[in-house]
Structure formats: C-alpha cells, structure tokens
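Start counting the sequence shown at 621; every next residue gets the next number (my numbering).
Glycine included, C-beta positions come from ideal geometry on N, C-alpha and C.
Predicted model only: the values in this text are computed from it and were never measured.
Notes follow the structure.
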Amino acid sequence: MEWNKDAPFQALALTGGGFRGLFTARALQAIEEHVGDPIGRHFDLTCGTSIGGIVALAVAFEVPMKSVVEVFESYGPGIFPEHETPSSRLGKLNDLWRHSRKPRYSAAPLREAVAKLLGKDALLKDAIHPVAIPAVNVTQGVPQVFKTRHKEEWSRDWRYKAVDIALATAAAPTFFELAEVGGNLYADGGLFANAPDLIAIHEAEYYFGVPIDAVWVLSIGTTTKSYSVSFGKGREFGIADWMEGERLFNVTISSQQQFVDQLVAHRLKDRYVRIDHEPSQEQAKDLGLDVADSTACRTLKGLAEKAVTDVLGTKLKPFLGHCPQLKIYRED
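Following this line, the structure appears as structure tokens:
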C-alpha cells in the first residue's frame, strides 16, 4: 500500500455526545442517500467515540444509516427515560444523592439497541471495513483504542464482541455502568478522545507511514456548542454545580472538540472538513446528552439534513469519490 496526494488516506471521525449522536447518524444517512452505497466504502478508516463509536461500528459493518437512525429513535426513550429535572437547589442535591452510588441509567437497553444493529454475537473480526474505537481501560489505568486487524500483527481486539466494544466506548461516568471486555473494565472513550480526529491521523502517520499531505479527514459532530459560564453563577462550584445541566460533560466535550478542530485544521488545511451545527439558544433547550424525546429527534435530524446538504456538492465532493486501500487481514 502506498499513499500519496493522488491516492490519499481518508478517514471518517465521529464525535461523542450522547443521544445527540442522532445528528451524526442522520448526516451519514443523507450522504449515503446521495452516493447510493454504504459510507464505509469511501474511507480507509473510521474512528468513533462513545455514541460516535457505535455509529462507527455500524459504518464498519455496513449497517445502513437509515437503520441506525430508526434504532436510535426507537430505543432512545428506553435508554434515556424522561425525567423531571429538579428546579430547586435542594431538589438537585437530592437527585445527586439518589445517584451517588449507582449510574443514572441501565446499560441493558443500550446493549439491546446495539445488538439490534450489529448482532449480539458479532465479533470485531466480522467488520467489513477498518475501524478504531477509543475507550479508557480503568483496570489498567490506560487509554486504549480497539481496532480491527488492519495491521497483520494485531491479533487481540478482533476476537471481542462488537457489542461489548460499543458499550465500552459509551460507558459514560455517572450515566452507565463500567463495561467489561476481555476481563478488563472500561469507561467512555470521551474522557480522553471525545473527538477522535487525532487518532485517525496518528493511525495513518505512525502505523502506515502516510505523509501528512496525503491524509484527509471528514469529521462529524453532535451539535457541539461552545460552552461558557456566567459570572452570575459565581466561582465556587461544587459537585452539584458541575453536574447541573450536564455542565461538566458539556465543558469537556466542547473544549476537546474546539482544541482538536484547531490542531487538525492547522495540519490538514483544506483536507479537513468538519460537519456540525451549533444549535441556537432556543434549540439548545431541547437537546441534551440524555434527551431522547420526539422534539430532540426532530431538531437533530433537521439540523443534520441542513448541515450536510450545504456541503454535498462542494466540500464533500472530493471525499465521496475515494477508493480506499486499507484492508482488514482475515484468518488463513
């Protein structure tokens, strides 16, 4: 395999963001409808974190994005049941106490949804296209990236169940229990790589010797918005303050994405395209990491449709004619 400006290494990078990953799936569905075939056939590698990791696995298995959107809409309310957010400080403290010793949500509905997409017994080796999925190995205390066997000497991850890897990258602290894969416990990959764009670049440069001017990355977000704190809130934030309105998670996601976006844009220039849409103040009220109601679904799908159609005939055009070289090694 040899990559150069005429035969580039092309990666798809999918950001984490809870149920807002419906934006990602709908964006990819719009692209698939435009090109007429599975999106995975146009990329050498797909990287995805958390909900983006689940979508990335679907890309690797050639699950139609139309089906991913349908499953997200159907299973979303079961994964994230509607709950009334306390308005008083005492109510917020009581809510925090109720979930101080266990996750807010059961991982069982999420497992069921992923199994619906990928099959409950499918192994990573069954993937059709190369994929890389970050998670945090909390047993060993190290970041880890699950990968298909797109390099011959890699002989571990392809033996694991795809659904277990999906739950590992999506095991968001306080939301879901830790996931277990291969005798180790894992937490959400968003803790270190919520935007996995740099993982894709590192994979190309370090493992396959691709020159940087031959790397292209299409990155898709989850309606990532800049996040700021009012001076009116003061400076003495405690646990309840940081957890209120998912403040800690939103700051983490937003700051990571903006930092990665800057670095990748500087390195790749016009070979980097980012599809995302920052919601308006009114729209943001209807969206959240764990908001899966009908209003959130309509808003996310509408924003995704607009974001993709704006660039289909322009910035996206070079990506959609790509013929990937990277392949998965199969057992003899």
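Here the alpha carbons of LEU738 and SER848 stand approximately 38 Å from one another. One Cα belongs to ALA755, the other to PRO938, and the distance between them is close to 31 Å. When beta bridges are read from the DSSP output, VAL830 appears opposite no residue. Secondary structure note for GLU800: its beta strand (DSSP E) is the uninterrupted segment 799 to 801.
In this structure, PRO944 sits near HIS749, with a CB-CB distance shorter than 9 Å. Between LEU642 and GLU693, the gap from beta carbon to beta carbon is short of 9 Å. Boundaries of the beta strand (DSSP E) around TRP836: 835 to 840. Among the bridge pairs identified by DSSP, ASP808 is matched with ALA755. Under DSSP, GLY668 takes part in a beta bridge, and its partners are LEU634. According to the DSSP assignment, TYR892 belongs to the beta strand (DSSP E) that extends over 892 to 895. Contact check for TYR949 against GLU800 fails: the beta carbons are separated by 9 Å or more. Secondary-structure assignment with DSSP links LEU743 through a beta bridge to LYS781. The continuous alpha helix (DSSP H) containing VAL734 extends over residues 728 to 738. Less than 9 Å separates the beta-carbon of THR794 from that of ARG724. Between ALA733 and VAL691 the beta-carbon gap is near 6 Å, inside 8 Å, which marks them as a contact.
Counting C-beta atoms within 10 angstroms of its own C-beta, GLN882 has fewer than 16 neighbours from the protein chains shown and is therefore classed as exposed. For LYS767, the uninterrupted beta strand (DSSP E) run begins and ends at 762 to 767, by DSSP. Counting along the chain, ASN814 sits inside no alpha helix (DSSP H), nor does DSSP assign it H or E at all.
In this structure, DSSP gives PHE629 an extended state, which the three-state scheme calls strand.
By the criterion of at least three beta-carbon pairs nearer than 8 Å, the stretch 650 to 667 is not in contact with the stretch 863 to 883. Distance from the CA atom of GLN649 to the CA atom of VAL911, rounded to whole angstroms, is 21 Å.
Around the beta carbon of THR915, fewer than 16 other beta carbons lie within 10 angstroms, which makes this residue exposed.
Residue environment for TYR826: exposed (fewer than 16 other C-beta atoms within 10 angstroms of its C-beta). The Cβ atoms of LEU936 and LEU838 sit closer than 9 Å to each other. Secondary structure within the stretch 873 to 952: the alpha helix (DSSP H) runs of 4 or more consecutive residues, fully enclosed, are 901 to 904, 914 to 929 and 937 to 940 (chain order). Distance from THR843 to LEU920 at the Cβ level is roughly 7 Å; contact confirmed, criterion being Cβ atoms closer than 8 Å.
Look at ASP657 here: in three-state DSSP terms it is coil, with no helix or strand label. Assigned with DSSP and collapsed to three states, TYR695 falls in helix. In the structure shown, GLU825 falls within a helical segment according to DSSP collapsed to helix, strand and coil. In the structure shown, LYS853 adopts helical secondary structure according to DSSP, grouped into three states.
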